[in-house]
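Numbering-wise, this note's numbering comes out as the position in the sequence shown, counting from 1, plus 59. For glycine and all other residues, C-beta sits at the position ideal for the given N, C-alpha and C. Every value quoted in this text rests on a predicted model; they were computed, and no experiment measured them.
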Amino acid sequence: MKAAAYRIERAATLEAALAQLQGGDYAKPIAGGQSLGAMLNLRLAQPERLVDLDGIAALTRVEETADALVLGALVTHASIEDGAGAEATGGFLPHVARRIAYRAVRNRGTVGGSLCHADPAADWVNAMAVAGAQLVIQGPGGSRTAPAATFMRSAFECALEEGEILREVRVPRFSPSARWSYRKFCRKTGEFALAVVGALRDPEARVERLVLGGLDGVPQVYEEPGLIARLAETARREAFLAQAVADLDETRAALQADLLRAVVQDIEGLA
Ligand code: FAD
60 MKAAAYRIER
70 AATLEAALAQ
80 LQGGDYAKPI
90 AGGQSLGAML
100 NLRLAQPERL
110 VDLDGIAALT
120 RVEETADALV
130 LGALVTHASI
140 EDGAGAEATG
150 GFLPHVARRI
160 AYRAVRNRGT
170 VGGSLCHADP
180 AADWVNAMAV
190 AGAQLVIQGP
200 GGSRTAPAAT
210 FMRSAFECAL
220 EEGEILREVR
230 VPRFSPSARW
240 SYRKFCRKTG
250 EFALAVVGAL
260 RDPEARVERL
270 VLGGLDGVPQ
280 VYEEPGLIAR
290 LAETARREAF
300 LAQAVADLDE
310 TRAALQADLL
320 RAVVQDIEGL
330 A
């Protein structure tokens with residue numbers, strides 16, 4: 060199948076892109092096109108116009124402040140794989156990036172596009188929830204901030220209102236003593252994950268966070284001091300999973316259980 064006819068306009072600035080999205084017809088932003096391209100070809104999306112964000116230099120910046128790493132929405136998976144944000148997150152972001160599909164996809168795909176596409180199995184959807192990232196959303200009337208953990212509303216639906224653009228992702232710096240783990244199960248490279256589990260323990264920042272992802276809907280985020288240590292006990296972990304993944308079939312529940320055990324071992328230093 061081929062895409063329905065559409066027009067494409069390039070935007071040179073964020074302000075221009077916001078204005079171009081206000082045309083009154085059905086217009087959508089396009090970033091790396093790695094997911095939207097398929098949606099267009101399958102006619103699951105039929106916009107009349109695409110507004111190409113690719114030329115907006117401000118959206119490709121990477122900035123480090125005292126307490127956060129700021130990634131423009133157009134920063135590619137490849138840039139992160141190559142080291143953007145490595146130091147601020149103790150290697151967490153590059154670890155996630157280099158496991159996304161193939162380098163060809165990573166060269167084009169963007170962190171913002173992945174978050175806005177809101178696939179439950181997408182890596183940034185889950186990893187940014189682990190990191191406790193905040194997303195800065197720009198609309199014609201100003202900007203607002205949303206936690207990555209709740210930005211996804213349901214599978215393939217995010218919290219963007221019509222005409223809004225995801226501008227940047229703010230990742231709180233990990234402390235030197237932070238421990239993290241991120242594991243996923245895919246049948247083969249380039250296929251989406253059937254299960255994802257990630258965790259961050261950052262004692263200096265008083266963060267202990269566990270994320271179960273690759274589910275049918277939004278990632279499940281647990282923030283509870285001592286939770287991960289408690290889950291090192293098999294009986295407690297099984298009881299936790301019996302509630303957390305009760306809706307999954309046996310195979311997917313078993314994958315979540317395997318990943319959770321490994322993630323707990325990573326964080327507790329038991330591996
Ligand atoms: P696009 O495809 O351009 O856009 C996606 C959606 O987001 C569209 O609805 C678009 O309108 C909207 N959008 C994009 N940017 C913005 C913005 N700044 N503001 C508002 N809306 C915006 N991903 C994984 O996580 N893990 C994988 O293992 C994986 N494997 C893949 C394998 C293949 C073969 C392919 C083709 C893709 C794979 N992906 C995977 C998806 C890939 O990571 C995409 O890069 C990502 O899902 C979308 O990013 P994009 O920049 O291409 O966005």
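*Do you know how far the Cα of Val110 is from the Cα of Gln79?*
7 Å
*Looking at Gln81 and ligand 1, is the gap between the Cβ and the nearest heavy atom below 7 Å?*
no
*Helix, strand or coil: how does DSSP classify Ile326 here?*
helix
*Please list, in chain order, all residues of the same chain as Ala70 whose beta carbon is under 7 Å from its beta carbon, the five residues on each side excluded.*
Ala76, Gln79, Val110, Asp111, Leu112, Gly114 and Ile115
_DSSP has Val189 in a bridge; who is on the other side?_
DSSP, once it has assigned bridges, lists no residue as partnering Val189.
*Provide the residue span of the beta strand (DSSP E) that contains Arg232, from first to last.*
Arg232 -> no beta strand (DSSP E), and no H or E assigned at all.
*asked:* With the cut-off set at 8 Å, would you say Ala163 and Ala188 are in Cβ contact?
replied: no
*Cys175 to Ala205, Cα distance in whole Å?*
12 Å
*Within 5 Å of ligand 1: residues by beta-carbon to any heavy atom*: Lys87, Pro88, Ile89, Ala90, Gly91, Gly92, Gln93, Ser94, Leu95, Ala132, Ile159, Ala160, Val164, Gly168, Thr169, Gly171, Gly172, Ser173, Cys175, His176, Ala181, Asp182, Ile224, Leu225 and Gly249
*Would you say Val304 and Ala298 are within 8 Å of each other, going by their C-beta atoms?*
no
*Would the beta-carbon of Leu271 fall within 8 Å of that of Gln315?*
yes
*From Arg296 to Arg289, what does the alpha carbon distance come to, in whole angstroms?*
8 Å
_With H, G and I counted as helix, E and B as strand and the rest as coil, what does DSSP make of Arg331?_
Residue numbering for the chain in the displayed model covers 60 to 330; residue 331 lies beyond these limits and cannot be assessed.
*Quick one: complete alpha helix (DSSP H) runs, 4+ long, within the segment 105-156?*
136-140 and 151-156
*Going straight from the alpha carbon of Leu225 to that of Ile196, what length do you get?*
4 Å
*Check each candidate in Glu74, Arg102 and Leu269 and name the one with the smallest Cα separation from Tyr65.*
Arg102
_To the nearest angstrom, how far is the alpha carbon of Glu220 from that of Leu329?_
44 Å
_Thr209, DSSP secondary structure in three states_ = helix
*DSSP state of Cys217, grouped into three classes?*
strand
*Exposed or buried, Asp261, counting other C-beta atoms within 10 Å across all chains shown (16 or more means buried)?*
buried
_Pair within 8 Å by beta-carbon distance, Asp308 and Pro179_ = no
*Compute the minimum distance between the beta carbon of Pro88 and the heavy atoms of ligand 2, and state whether it is under 7 Å.*
Looking for ligand 2 in the displayed structure turns up nothing; the ligands present are ligand 1.
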